[in-house]
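Participant: One structure, as structure tokens, below. Some questions next.
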Amino acid sequence: MSYELIAGVDLGSNSFRLQIGRVVGNRIHPLDTLKDTVRLGSGLTREKLLDHASQQRAIEALRRFGERLRGFPPETVRAVTTDAMRVARNAHIVLPQAEAALGFPIEIIGGREEARLIFIGAANALPAASHRRLVVDIGGGSTEFIIGEGAEPLLMESLFMGCISFRQRFFPEGKVDKKRFYAAEVSAAREIEGIAADYQRVGWAEAVGSSGSAQELADILEINELNPDAATGITRVGLAKLRQLLIRAGSAEALDLKGMRSERLPILPGAVAIMSAVFSELAIETMTHSDGALPLGVLYDLVGRFEHHDTRDETVVHFRRRYQVDQSQVTRVERTAVALLGQLIKLDSPEHENDVHFLRWAVSLHEIGVSVAHSEFHKHGAYLLSHADMPGFSKRDQARLALFVLGQRGKLQKLAAMPAGDPNWRLVFCLRLAVLLHRARDDHQLPDVSVKESPVGFQLDIPAAWLEANPITAAALSEETLIWRRIGSKLRIKPVAGETGVP
């Protein structure tokens, strides 16, 4: 399936951005960009709660974006949110309101997933090159560091420091002096110190800044001729001069320089302090700038899903190999689980495409917990999926996978947070039944079974003769009916005539 117009939305800690692009071959031509300085991160209280004012700013911006996106098919829009929503303790309350305002789902992504998408966006906006690039993106609450070749990231990290959080910690009320600046630089340097050795070992030939902060710094240094020899971009010498000018002025607002945007003045000192530490710790002399960042990376990743180059598939394969999953068992369980689901929904329906993907991924990963311990491996697997860095998957995606892996066996009360009637119960049922039927881990042909779904639960029709010949499985199915009954649902096992095998 392909589309001409696609859209990416980035709900950053400082700014919200909407980028619309036209897909031409394997390239994306940007058509329209909307930006709103929401400063969501500034609304985080000491208790890590987003205050009412920041929520309102976010909702108003998203309503404007939603108006621009009216008429876009759901599969052509991907919206992601980063640090502020990652750390907000009331994100579960704010997110549904934000989604209603935008009109599309919003994914909370992890720091390394953010880094991956940033690199894809930056690399695709730069001229093609064979050398390695280091991309640095200073956001409102986090800073991403990525080394990659072409459009492929090799090393990714996200550090908990940003121009908004640094303003709150070191430059309250916008006041700047030598002591505050030194404290901010030391704090940033300590963060970077933990990754510097690995990054210098991998190495890079070109340093690139991809954020709005990097763009503003480059503009100020160039327009005011602070760089040596009329150099473009950001230079170590130019940064040092800007730092001194800021300290002398006492605040960004009092600084008399061209190219400064009023909406970014409050966060300029934090950006300068972090970038100075980046240059110092990673021994950078000059840095270029890329117009592409997270929104463009989201668009290219979306196109990859259309073209069956889904990063999530690659991640699942990597995890399967990393945790030495039994591929033969995966093949057996997947064949049966998908066949069962195909009796409950239309597998080729666009409406259910995502469910089919998630069932296949859950089957592929349902035994990764065995690598930790066989006892309660489903719990270990769910923990790994909840907390691992999984390129391509949002936090919500990972939680959904973890839910399926946790629910593959044992009591169902542990899934009590999932409401009755949730479509995920259908996938849990298919996965549990497939795992149960293949407990022997052999290639013996299964009976020809049929399943039905009703408002009160499920029904399994299975040959009576096969049940008599397989008493262990029959007992397990009987126990399964009790497990479903304990959560107020119903699973009926109906013995029927016949014993033909499933092809």
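The numbers in my numbering rise by one with no breaks, and the one at position 234 of the sequence shown is 253.
No residue lacks a Cβ here, since even glycine has one placed at the ideal position from N, Cα and C.
Indicate whether the contact test is met: 3 or more Cβ pairs, each with one atom in the stretch 331–346 and one in the stretch 42–61, closer than 8 Å.
Facilitator: In short, these stretches do not touch, since the Cβ pair count stays below three.
Participant: Kindly provide the ranges of any alpha helix (DSSP H) runs that are 4 or more residues long and lie completely inside the stretch 407–467, ordered along the chain.
Facilitator: For the stretch 407–467, whole alpha helix (DSSP H) runs of length 4 or above, ordered along the chain, are 414–425 and 443–456.
Participant: Starting from glutamine 38, follow its DSSP beta bridges and name the residues at the other end.
Facilitator: Looking at the DSSP assignment, glutamine 38 forms a beta bridge with Gly27 and Thr52.
Participant: Using 10 angstroms around the beta-carbon of arginine 340, count the other beta-carbons present and answer buried if the total reaches 16, otherwise exposed.
Facilitator: It counts as exposed.
Participant: Of all the options Ala233, Gly323, Arg324 and Ser309, which has the alpha carbon lying nearest to the alpha carbon of arginine 280?
Facilitator: For the residues Ala233, Gly323, Arg324 and Ser309, the minimum Cα distance to arginine 280 belongs to Ala233.
Participant: Can you tell which of Glu235, Ala358 and Val106 has the C-alpha that lies nearest to the C-alpha of leucine 284?
Facilitator: That would be Glu235, whose Cα lies nearest to the Cα of leucine 284.
Participant: For the stretch 226–291, which segments carrying the beta strand (DSSP E) assignment without a break, of at least 3 residues, lie completely within its bounds, in sequence order?
Facilitator: With a minimum length of 3 residues, no continuous beta strand (DSSP E) run stays inside the stretch 226–291.
Participant: Determine, using beta carbons only, whether leucine 69 and asparagine 109 come nearer to each other than 8 Å.
Facilitator: Cβ distance < 8 Å, so leucine 69 and asparagine 109 count as in contact.
Participant: Just to check my reading of the structure: glycine 269 and lysine 194 have Cβ atoms closer than 8 Å, yes? What is that Cβ distance to the nearest angstrom?
Facilitator: That pair is a contact at about 7 Å.
Participant: Within the same chain, show all residues whose beta-carbon is closer than 7 Å to that of proline 93, passing over the 5 residues directly before and after it, in chain order.
Facilitator: Hits under 7 Å: Phe123.
Participant: Which residues does DSSP pair with arginine 511 in a beta bridge?
Facilitator: Answer is Gln478.
Participant: Threonine 162 and valine 155: beta carbons closer than 8 Å?
Facilitator: A contact, by the Cβ cut-off of 8 Å.
Participant: Could you name each continuous beta strand (DSSP E) segment of 3 residues or more that falls completely within the stretch 50–127, going from the start of the chain to the end?
Facilitator: Segments of the beta strand (DSSP E) lying fully in the stretch 50–127: 96–100 and 125–127.
Participant: So, do the stretch 316–325 and the stretch 413–420 have three or more beta carbon pairs nearer to each other than 8 Å?
Facilitator: The stretch 316–325, when compared against the stretch 413–420, does not touch it at the 8 Å Cβ threshold.
Participant: Helix or strand or just coil, what does DSSP make of leucine 366?
Facilitator: The answer is coil: DSSP assigns leucine 366 none of H, G, I, E or B.
Participant: What residues match up with arginine 209 in a beta bridge as DSSP calls it?
Facilitator: Its beta-bridge partners do not exist; DSSP assigns none.
Participant: Along the chain, where does the alpha helix (DSSP H) that runs through valine 389 open and close?
Facilitator: Note, valine 389: premise wrong, no alpha helix (DSSP H); not H, not E.
Participant: Just how far apart, CA to CA, sit aspartate 345 and valine 389?
Facilitator: If I take the Cα positions, the gap works out to 10 Å.
Participant: Just to confirm, are isoleucine 128 and phenylalanine 164 a CB contact at a threshold of 8 Å?
Facilitator: Not a contact, by the Cβ cut-off of 8 Å.
Participant: Have a look at the DSSP bridge pairing and note the partners of isoleucine 157.
Facilitator: Answer is Thr162.
Participant: Going by beta-carbon coordinates alone, are glycine 160 and alanine 103 separated by less than 8 Å?
Facilitator: Result yes, Cβ atoms of glycine 160 and alanine 103 sit closer than 8 Å.
Participant: Which of the three DSSP states is assigned to proline 172 in this structure?
Facilitator: Looking at proline 172 - three-state DSSP - the assignment turns out to be strand.
Participant: From proline 522 to arginine 87, what does the alpha carbon distance come to, in whole angstroms?
Facilitator: At proline 522, the pLDDT of 37 sits below 50, so the modelled position is not reliable and the matter cannot be decided from this model.
Participant: Rounded to whole angstroms, what is the Cα-Cα separation between glycine 520 and aspartate 462?
Facilitator: With a pLDDT of only 43 at glycine 520, under the threshold of 50, the placement of this residue in the model should not be trusted, and no figure is reported.
Participant: Just mark proline 247 as buried or exposed, buried being the case when its beta carbon has 16 or more other beta carbons within 10 Å.
Facilitator: It is exposed - the Cβ of proline 247 has fewer than 16 other Cβ atoms within 10 Å.
Participant: Check lysine 471 in the structure and name its three-state DSSP category.
Facilitator: Correct three-state label for lysine 471: strand.
Participant: Take every Cβ of the stretch 459–479, pair it with every Cβ of the stretch 342–360, and state whether three or more of those distances are shorter than 8 Å.
Facilitator: Yes: the two stretches touch, three or more of their Cβ pairs being nearer than 8 Å.
Participant: In its own chain, which residues sit with a C-beta less than 7 Å from the C-beta of glutamate 118, not counting the 5 before and 5 after it?
Facilitator: Hits under 7 Å: Pro124 and Ile125.
Participant: Taking contact to mean 3 or more Cβ pairs, one atom from each stretch, closer than 8 Å, check whether the stretch 354–361 and the stretch 439–456 are in contact.
Facilitator: In short, these stretches touch, since the Cβ pair count reaches three.
Participant: Taking 7 Å as the limit between beta carbons, can you name the residues of its chain near leucine 486, skipping five residues before and five after?
Facilitator: Excluding residues within five positions, the ones whose Cβ falls inside 7 Å are Ala493 and Pro514.
Participant: Start and end of the beta strand (DSSP E) containing histidine 308?
Facilitator: 305–308 is the extent of the beta strand (DSSP E) around histidine 308.
Participant: By how many angstroms is the C-alpha of leucine 378 removed from the C-alpha of cysteine 182?
Facilitator: Distance between the alpha carbons of cysteine 182 and leucine 378 is about 40 Å.
Participant: For arginine 131 versus glutamate 225, is the C-beta spacing smaller than 8 Å?
Facilitator: No; because the gap between Cβ atoms is not below 8 Å, this pair is not in contact.
Participant: Taking the alpha carbon of arginine 82 as the point to measure from, which residue in Ala134, Arg36 and Arg505 has its own alpha carbon closest?
Facilitator: Considering only alpha carbons, the answer is Arg36.
Participant: Tell me the rounded alpha-carbon separation between alanine 312 and glutamate 168.
Facilitator: The straight-line gap from Cα to Cα measures roughly 16 Å.
Participant: Using a Cβ distance threshold of 8 Å, determine whether the stretch 289–298 contacts the stretch 195–205, with at least three qualifying pairs required.
Facilitator: The stretch 289–298 vs the stretch 195–205: in contact.
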